[in-house]
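Residue numbers (the numbering used here), protein chains in the order written: chain A, 1 to 350; chain B, 1001 to 1538.
All C-beta atoms in this analysis are idealised placements derived from N, C-alpha and C, irrespective of residue type, glycine included.
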Amino acid sequence: MTPDTKTRPDPTPVAAGPATAAAPPAPQGPSWRSRIEPGPLLRNLLPLTALVVMFVYFSVEAESFLSTQNLTFMTGEAGILLLTALGATLVIIMGSVDLSVGSAALISGAIVAKVLQSGPIGVVWVILLALAVGVAVGLINGIVFAYGRVPSFITTLGTLSLLSGIGLTFMAGSSISFTAPSVQKLATGQLITHVQNAALIALIVFLAIWFLSRRTRLGLYLYALGGNETVVQLSGIRVNRIKVIAMVLSGVTAALGGLLMAAELNSAGPTLGSTTLLDSIAAIVIGGTALSGGVGGVERTLLGVLILTVLSDGLNQLEVQSYTQTIIKGAVIIVAAVFAMASRRKEVIK
Amino acid sequence: MATAVDSSRAWFEAEGITKSFGGQAALRGVDIGLGRGEVLGLIGENGAGKSTFLNIACGVFPPDAGTLRLHGETISPRSYHEANALGIFRVFQEPALIDVLPVYENMFFGWEDRFRTRAGVLARSRMRRRSRAVLEELGVAGIDVRRKVGGLTPGARQSLDIARVVGLAELLEIEHPVVLFDEPTSALDQEHEENFLRLLERLRDRAAVMFVSHRLPEVIRTCGRLVVLKDGEKTEERPSAGAVESDLHQMMVGRVREANYYRTEEQRPAREGAPLLEVDDVTGAVVRGASFSVAPGEVLGIAGTEGSGKRELGEIIGGVRPPLTGSIRLQGREYRGGIAGAVRRGIGYVPPDRQHNGLIMAASIVSNVQLPSLADRYATRLGGVWRRSAARRAAAAAVERLGIVTRGIDAPVSTLSGGNAQKVLLAKWLMRDPKLLVLDNPTQGVDTGAREGIYQLVRVAAAEGTTIVVIGDDLPELVGLSNRVLVITDGEIVESFDAPVDAKPAEGDVVARMIPGATDPPADPDHPHPQTNGSRAK
């Protein structure tokens, strides 16, 4: 499944150089690292190549894969996953992590469902409600993390448990169903034929967040924070504010994701968002954003989302057991991480 | 080229050492011999091949061609560990210690198997005893071997790094080790430098020492013989007796060091009128009752030993940390802590540790230099949209103006030499036309050629009216650059030396005031800061 072995360029000319005198082979020393380092071009093309190869493979192997119905379905799946991963990518770019995205989705879905169950309200109000839930979750995460100086991993591990507990209590352990065709349209409607609205919404949010991360000072600060927080702080930038904003954005996109998940099913159940955390982090890593921060971007996450969606849908079409799918997904994440690590060269001892 | 070393006497010989990286030659046929009891100075600019030579000599990587001999036998260590076993040790540029481990574990790190009891347990008490004995032998006082290294002062760390060489050599039963020092004193102040030289002297009678340093006076003082590397080749080998700093400098860079290295003739007297910065009775963790003012365009030096409070004072002035009591005013208006506020007011603070606190090494030049100015220059007021082309133009202009050698403004800072990276750090603040620039150790790890460039930048900025406060470990530099030098000892400002172009204070006089408890200089009735008799106990 890994198409890289053939395309990997032979790095010897770069590493050795023609001027080198005949030297005994040197297995020791830092130079070995360069042997497994893929070139920057390959590194950038690898996820895209993997996506194309998988797409072609599934098209050939599974008849139903290319059907309009399946492709349309995939746009919705990809849209929701993308939405939940977008804010989380920003948090990872600044060198932190948000583990509470799944819980944020769950609690947002639960609250929306509860409100809709008690009576219909306008779509705009539903969206505003989800946004408010996202902002609240993000503020809790951000304030504890930034001002309480608790590492993001611990903070969001805490809120992961806290929020899902509240959400499940809210549901009293069972699904909350509602009837709201206009809300359902938000997810599965097709303003553009064969593209589910969830994908459309995700794409709009994606463009906004791309602009934010690459073309505004907030975005530049996020990358800088991932590079070296002390430097950012000593440059006179109010670091805590930025941390809170990133967490809020992560909460908001996760909550919107939760809203769409509930809208799609006309209900919110205890399993809503249960795969969101792992899938969103997987998409980020597979896309090539470094968990250590400062490197990568939301455009890479888009690629990661497409890879994951094609992979899991393709395997479904091939009727691969879900347990086996989990194994494959795990392997893909590890392979992607290995390549991400290999591309980051250790500094030579000077 | 004939080897000057008598082979019967040479302990360590390198012959025809050649190494290239990616087709670029780092060393070309270098011969260096090292005799018993000798301290050999290896000098050269950044990139001359000094570090590469040390790396090869101690097994970090093998040479492409050439041989190494130790006590007449050819060796080819394949790792630093192997080199240790053979009797070659290195004191790394930055002390290579593990902060979370205690002193004694650091001392014998990697060789714990020599301390295994029969039951296979680590004999810690034996490790501690040995560590203590080594420190005692070297006359290093006041280091508790149980203490974690992270809590030690930089000077103590340096002592430990040297003591480790002695400890390991004894442990491995190597009577006559070869010790390689890589830029050992670049991060030390005057006091620790002397401590270091004392340790070196003790090492000398049993070891052969190679010493790499940028600091030429120190090399001349310390070493018996000098080898000059330039562009990977040995260009000179001579006894250090009679060597003159400017001659060495010429050998290293191929040009005469200007008589006026610190560009003193460009020094302007401080401007008349209202002071730009007023520090009024400021107290911090170490600093006590500091009061002084600085005029626009003045260069003020702050001298002091490690732990004297000079660093803290710089941080307080730079807005990095608020004073506990007292006030600081910029153009008559008080500012309290809050570095964001300080930056907005036109203050720039350059920390001493460029790699960890000054620059994002993995990020590009433009990303680094625009960072403090995004808030007020390179982003729109509304919405904070990055003014990308404005930022890039400014970065390119700064690279041009400061003479930063790079392949472009998108190059990561990690690809630049130390001197060029330091210039990027200065550019980051100079681009803002700051009113006040605080520079803590601005030429740390910067080679001689690039230093001059930095001094020039300081002069130009001062001439344009920027007030500059320099906190320095390099005293000649500090005196050379400054209009005035304050000496801080045990947190108190004990002296203020005027340093006009034609009457720079003597280095010795400044040092005399830096050392706590040193003999007081003749009483000066005009002196505003009487030396107190406070806690001067060591």
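Here DSSP, grouped into helix, strand and coil, assigns A/K114 to helix. If you compare the alpha carbons of B/V1385, B/G1041 and B/G1319 with that of B/G1284, the shortest gap goes to B/G1319.
When DSSP reads this structure, B/S1496 sits in a beta bridge with B/L1486. Taking all protein chains shown into account, B/R1311 has 16 or more neighbouring C-beta atoms within 10 Å of its C-beta and is therefore buried. What A/G294 touches in chain B, judged by beta-carbon distance under 9 angstroms, is I1360, A1362 and A1363, going in chain order. Interface flag for A/A113 against chain B is unset, since no Cβ pair is found closer than 8 angstroms. A direct Cα-to-Cα measurement between B/A1083 and B/A1303 gives close to 40 angstroms.
For the set B/E1038, B/A1421 and B/E1173, the Cα lying nearest the Cα of B/G1087 is the one of B/E1173. Around the Cβ of B/R1451, a 10 Å sphere holds 16 or more other Cβ atoms; the residue is buried. For the segment 1373–1385 of chain B, the set of residues with a beta-carbon nearer than 8 angstroms to any beta-carbon of chain A comprises L1374, A1375, Y1378, A1379, G1383, G1384 and V1385, in chain order. Beta-bridge partners of B/P1412 (DSSP): B/S1364. The alpha-carbon of B/A1123 is positioned some 25 angstroms away from that of B/A1156. At the C-beta level, B/A1014 and B/F1089 stay beyond 8 angstroms of one another. If you check each beta-carbon in the segment 222–234 of chain A against every beta-carbon of chain B, the ones closer than 8 angstroms belong to Y223, A224, G227, N228, T230, V231, V232, Q233 and L234. When C-alpha distances from A/G102 are compared across A/G296, A/S292 and A/S274, the shortest belongs to A/S274. For chain A, the residues of the segment 1345–1358 of chain B that bring a beta carbon within less than 8 angstroms of one of its beta carbons are Y1349, P1351, H1356, N1357 and G1358, in chain order. Residue-level contact by beta carbon holds for A/G236 and chain B, with a gap shorter than 8 angstroms. Unbroken alpha helix (DSSP H) runs of no fewer than 4 residues, entirely contained in the segment 1137–1208 of chain B, are found at 1154–1171 and 1190–1204, following chain order. Among the residues facing chain A, B/A1342 is included, as its CB has a counterpart in that chain under 8 angstroms away. Remark: three or more beta-carbon pairs, one from each stretch, lie closer than 8 angstroms, so the segment 1463–1472 of chain B and the segment 1294–1308 of chain B are flagged as touching. In the DSSP assignment, B/P1217 falls within the alpha helix (DSSP H) that extends over L1216 to T1222. By the 16-neighbour rule on beta-carbons within 10 angstroms, A/F153 is exposed. The C-alpha of A/V231 is placed about 16 angstroms away from the C-alpha of A/I93.
Taking 8 angstroms as the cut-off, the Cβ atoms of B/V1287 and B/G1273 do not count as close.
Taking 3 residues as the minimum length, the beta strand (DSSP E) runs contained wholly in the segment 1226–1253 of chain B are 1233–1239, in order along the chain. At a C-beta separation below 7 angstroms, B/V1320 has these neighbours in chain A: L234. The bridge partners DSSP lists for B/E1073 are B/L1070.
It is roughly 10 angstroms from the alpha-carbon of B/A1375 to the alpha-carbon of A/R238. Distance from the CA atom of A/V150 to the CA atom of B/L1070, rounded to whole angstroms, is 53 angstroms. Under a criterion of Cβ atoms nearer than 8 angstroms, no residue of chain A is adjacent to B/L1068; the nearest Cβ is some 13 angstroms distant. Contact check for A/A290 against A/K329 fails: the beta carbons are separated by 8 angstroms or more.
Rounded to whole angstroms, the separation of the alpha carbons of B/A1421 and B/G1403 is 11 angstroms. DSSP links B/I1328 through a beta bridge to B/V1279 and B/Y1335. Apart from the 5 residues on each side of it in sequence, B/I1339 sits with its Cβ closer than 8 angstroms to the Cβ of G1318, G1319, V1320 and Y1349 in its chain, given in chain order. For a Cβ distance threshold of 9 angstroms, residue set L220, Y223, A224 and G227 of chain A lies close to B/S1367, ordered along the chain. Each residue's CA atom was taken as its position, placing A/A88 and A/A130 some 17 angstroms apart.
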